[in-house]
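Structure, as structure tokens:
Residue numbers (the numbering used here): 692 to 814.
So, in structure tokens, the structure goes:
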């Protein structure tokens, strides 16, 4: 489906709400398995598969930024931004899932740019 994004920018819109729903369902599936591991930022590391997925996530984020540049010169359908943002998130949770199944702990990243959220007492 990701290949349809490029064509959707250059020609006929080929990414649909059904595609977005399908991707969202994948996201929900993986989050349900890794929600404890993704409470904070984590460093991109782990198994070969997880590392490849982190690279895919990075490429999806780069594509989102390029799409934003394109949108400064011409109209870009909002669904393409939604799709690329969600795609990056899916790659992230899949990477964490792969590490979890290999028994590799995530390494938290403490950002100097974003304050950490405080956990609520009842969580």
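Note that beta-carbon positions come from the ideal geometry of N, C-alpha and C, so glycine has one too.
The structure displayed is predicted, hence computed values, not measured ones.
What is the rounded straight-line gap between the Cα of residue 721 and the Cα of residue 805?
If I take the Cα positions, the gap works out to 25 Å.
Three-state secondary structure (DSSP) at residue 706?
In the structure shown, residue 706 sits in coil (DSSP, three-state: anything other than H, G, I, E or B).
Cβ pair residue 800, residue 725 closer than 7 Å
Not a contact, by the Cβ cut-off of 7 Å.
What is the C-beta distance between residue 780 and residue 718, in whole angstroms, given that I count them as a contact (C-beta under 8 Å)?
About 6 Å separates the beta carbon of residue 780 from that of residue 718, a gap short enough to meet the 8 Å contact definition.
For residue 745, count neighbouring Cβ atoms within 10 angstroms of its own Cβ and tell me buried if that reaches 16, exposed if not.
Answer is buried; the Cβ neighbour count reaches 16.
Three CB pairs or more closer than 8 Å across the segment 751-766 and the segment 786-803
Between the segment 751-766 and the segment 786-803 there are fewer than three C-beta pairs closer than 8 Å, too few to call the two in contact.
Would residue 714 pass as a contact of residue 777 if the rule is Cβ separation under 7 Å?
Less than 7 Å separates the beta-carbon of residue 714 from that of residue 777.
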